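Residue numbering for the sequence shown follows the numbering used here, starting at 515 and increasing by one per position. Cβ atoms here follow ideal geometry from the backbone N, Cα and C, with glycine treated the same way. Source: prediction; values computed, not measured.
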Amino acid sequence: MKSGEVGSRLEQFPRERLAHLPTPLSFLPRLSSALDGPPIWIKRDDCTGLATGGNKARKLEYLMGAARTEGADGVITFGALQSNHARQTAAAAAALGLTCDLILVTNVEYWEPAWDVSGNRLLDEVLGARIHIAADEPAAVHQLKILLEAAQDDGRRLYVVPIGGSNAVGALGYVGCAVELIAQSNNLGIHPSAVVNATSSLGTQAGLLVGFQASGSPISVRSVNVSASEERLQFAELRKICDATASLLDVPPPDNDCLRIESGFLGPSYGVPTEAMREAVKLLARLEGILLDPVYTGKAMAWLIHEIREDRLNKDRPVIFLHTGGSPGLFAYPQFLTEHPDH
């Protein structure tokens, strides 16, 4: 199947046009030269718009389309206190005139004073979301039940957006991104070996895998784990989302050997900063003027830098780094990011 046919199949699903697409695919000359490895290109999904951009905009186009189709007058979702997903969900709801309830969990094993008041947490308030704080996942699930029951009693209908926007409907957004990347690569005359991205809730990775395989593209997906979930549980969830997404599109699901989750760059836990992340964030900022984030893209870029320094990637084939956004998170880590300012 050609990528154009995959794109045509996406048109059957309800969709709200929220993102600025296509996002740029740009060469990183100074980073490529500094690392002396393969040519590095960057897919700028930090430029999707929707309250500072990010990968959730693509997912939310389809999720909000489903919410509208179901007659919802509001949405509700979960995330960590500094969740990029929560911020973009609040922005999407505001743009569509829907209410937005955010259940934010505080059990990340790291804290700075700015965490409670800056970054995404500040933007959630600015965007008008109703914030509900939960100590952990069980408390968040309990809060969800209470809010859904209250909405039902009031005659309202809330659409539940999954964590990270990661289910088959949300993953359709990254099937579309795969189609977009194939077209851009062809137009630029490049033949990338892989797309590198950060993965946690797995929907972005699943969408890319389904999109590339359905289009017959040889581009592999190297997804860097930033979640504290057990590897076997992650793989099972990734398999589940891939299968469900492929089923929606009526295409064959990707093979198990394509489902790769790269490890070793999480650090102590989700959201806990690392030295490798800090180096990666500062390196890209100072060489290319592009801001990564501390939780997702900084750790994924740290993995890519390590792989190039260890000479593990083919120097003759370009690699694409998928920038999934998240720069507001930088403002929640001022102490860590300004330590050792000359390093």
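Q) Where in the stretch 530–584 do unbroken runs of the beta strand (DSSP E), each at least 3 residues long, occur, reported from the N-terminal end onward? A) 539–541 and 554–558
(Q) Within a Cβ cutoff of 6 Å, which residues of the same chain sit near residue 728, ignoring the five residues on either side of it in sequence? (A) Only 515, 520 and 765 meet the Cβ criterion.
**Q.** Same chain only: Cβ atoms within 7 Å of residue 565, ignoring 5 sequence neighbours per side
**A.** 601, 602, 605, 637 and 641
Q | Between the CA atoms of residue 733 and residue 595 - distance to the nearest angstrom | A | 34 Å
Q: Would you check if the distance between the CB atom of residue 575 and the CB atom of residue 673 is smaller than 8 Å?
A: no
(Q) Looking only at its chain, what residues have a beta carbon closer than 7 Å to the beta carbon of residue 551, apart from the 5 residues adjacent to it on each side? (A) 822, 827 and 829
**Q.** Simplified DSSP state of residue 857, which is helix, strand or coil
**A.** With a pLDDT of only 48 at residue 857, under 50, the local geometry of the prediction cannot be trusted, and the value read off the model is given with reservation. In the structure shown, the three-state DSSP call for residue 857 is coil.
Q) Beta-carbon separation of residue 695 and residue 683 under 8 Å? A) no
Q: Could you please give the first and the last residue of the uninterrupted beta strand (DSSP E) stretch that includes residue 734?
A: 734–739
Q. What do you reckon, are the CB atoms on residue 680 and residue 634 nearer than 8 Å?
A. no
Q.
According to DSSP, simplified to helix, strand and coil, what is residue 593?
A. Looking at residue 593 - three-state DSSP - the assignment turns out to be strand.
Q. Helix, strand or coil for residue 615 per DSSP?
A. strand
Q. Do the stretch 661–676 and the stretch 734–749 meet, that is, are 3 or more Cβ pairs less than 8 Å apart?
A. no
**Q.** Residue nearest to residue 609 in terms of C-alpha spacing, selected from 773, 531, 742 and 796
**A.** 531
Q) Whole-angstrom Cβ separation of residue 820 and residue 560, contact assumed at under 8 Å? A) That belief does not hold up - the Cβ atoms of residue 820 and residue 560 are roughly 22 Å apart, past 8 Å.
Q | Whether residue 571 touches residue 563 by CB criterion (8 Å) | A | yes
**Q.** Inter-residue CB distance, residue 592 and residue 677 (contact presumed, cutoff 8 Å)
**A.** 5 Å
Q: Inspect the beta-carbon positions of residue 832 and residue 553 and report whether they are closer than 8 Å.
A: yes
(Q) Given a cut-off of 8 Å on the beta-carbon distance, is the pair residue 738 and residue 814 in contact? (A) In contact: residue 738 and residue 814 (Cβ atoms closer than 8 Å).
Q: Return helix, strand or coil for residue 711, following the three-state DSSP convention.
A: strand
**Q.** Extent of the continuous beta strand (DSSP E) run through residue 673
**A.** 672–674
Q: Report yes if the C-beta distance between residue 587 and residue 620 is below 8 Å; otherwise report no.
A: no
(Q) Threshold first: 3 residues or longer. Then list the beta strand (DSSP E) segments lying entirely within the stretch 624–710, N to C. (A) 644–648 and 672–674
(Q) Along the chain, where does the beta strand (DSSP E) containing residue 835 start, and where does it finish? (A) 833–837
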